[in-house]
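Trainee:
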């Protein structure tokens, strides 16, 4: 039935889901294309910087929370003390997904401005967090590789 079909086509369904979710922000932006030219670059840049600061703030908060959870739940014996778990929880807990941001903007119903314009900094923040986290994971990987080869 449906379960067998989804199991056989898991990769295809996953790609289709990601593609359809990625269209949501662009649909929002296209609704406001006439207003896009009115956005001042300095204002947009400020919104992007604030998005980066939010990601870094969440990253720092989550690092502290993981450290506290590790201490409370048994120190070095805790599952929060394992390097792989720390990395995974830190990355996942610090990221905000673009579809969630778009859903929040849509629920505002234009209370803070045109939703298509509000989605632009969300897209930029999402791309910035992906780039930042990619570099961070690469640094972690390099350090781990150096420790293994030493």
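In the numbering used here, the protein residues as written are 744 to 893.
Just so you know, even glycine gets a beta-carbon here, dropped at the ideal spot from N, CA and C.
I think residue 830 touches residue 805, with their Cβ atoms under 8 Å apart; what is that distance to the nearest whole Å?
Mentor: Locating residue 830 in the chain shown gives position 87, counting from the first residue. Locating residue 805 in the chain shown gives position 62, counting from the first residue. With 8 Å as the limit, residue 830 and residue 805 do not qualify as a contact, their Cβ atoms being about 11 Å apart.
Trainee: What residues in its chain sit with their C-beta under 6 Å from that of residue 869, if we drop five residues either side in the sequence?
Mentor: In the chain shown, residue 869 corresponds to position 126, counting from 1. Contacts found: 841.
Trainee: For residue 839, does the three-state DSSP call read helix, strand or coil?
Mentor: What you label residue 839 is simply residue 96 of the chain shown in a count that begins at 1. Three-state DSSP puts residue 839 in coil, outside helix and strand.
Trainee: Would you give the residue range spanned by the alpha helix (DSSP H) that residue 881 belongs to?
Mentor: Locating residue 881 in the chain shown gives position 138, counting from the first residue. 858 to 892 is the extent of the alpha helix (DSSP H) around residue 881.
Trainee: Going along the chain, which unbroken runs of the beta strand (DSSP E) with 3 or more residues stay wholly within the region 752 to 797?
Mentor: Listed in chain order, nothing qualifies, since the region 752 to 797 has no complete beta strand (DSSP E) run of 3 or more residues.
Trainee: Report, in whole angstroms, the separation of the C-beta atoms of residue 791 and residue 881, which I expect to be a contact under 8 Å.
Mentor: Position 48 of the chain shown holds residue 791. Position 138 of the chain shown holds residue 881. That belief does not hold up - the Cβ atoms of residue 791 and residue 881 are roughly 22 Å apart, past 8 Å.
Trainee: Measuring straight from C-alpha to C-alpha, what distance separates residue 847 and residue 786?
Mentor: For the purposes of this step, residue 847 is taken as the residue at position 104 of the chain shown. For the purposes of this step, residue 786 is taken as the residue at position 43 of the chain shown. Cα to Cα, residue 847 sits roughly 21 Å from residue 786.
Trainee: Check whether the Cβ atoms of residue 778 and residue 857 lie closer than 9 Å to each other.
Mentor: For the purposes of this step, residue 778 is taken as the residue at position 35 of the chain shown. For the purposes of this step, residue 857 is taken as the residue at position 114 of the chain shown. It is a contact, given that the beta carbons lie within the stated cut-off.
Trainee: Once DSSP output is grouped into helix, strand and coil, what is the label at residue 821?
Mentor: Counting from one through the chain shown, the residue named residue 821 turns up at place 78. Residue 821: coil per DSSP, three-state reduction.
Trainee: Tell whether a beta-carbon distance below 9 Å holds between residue 835 and residue 809.
Mentor: Taking the chain shown and counting its residues from 1, one reaches residue 835 at position 92. Taking the chain shown and counting its residues from 1, one reaches residue 809 at position 66. Not in contact: residue 835 and residue 809 (Cβ atoms no closer than 9 Å).
Trainee: Using the rule of at least 16 other Cβ atoms within 10 Å of the residue's Cβ for burial, across every protein chain shown, is residue 890 buried or exposed?
Mentor: Working through the chain shown from its first residue, we reach residue 890 at position 147. Looking at its Cβ environment, which holds fewer than 16 other Cβ atoms inside 10 Å, residue 890 is exposed.
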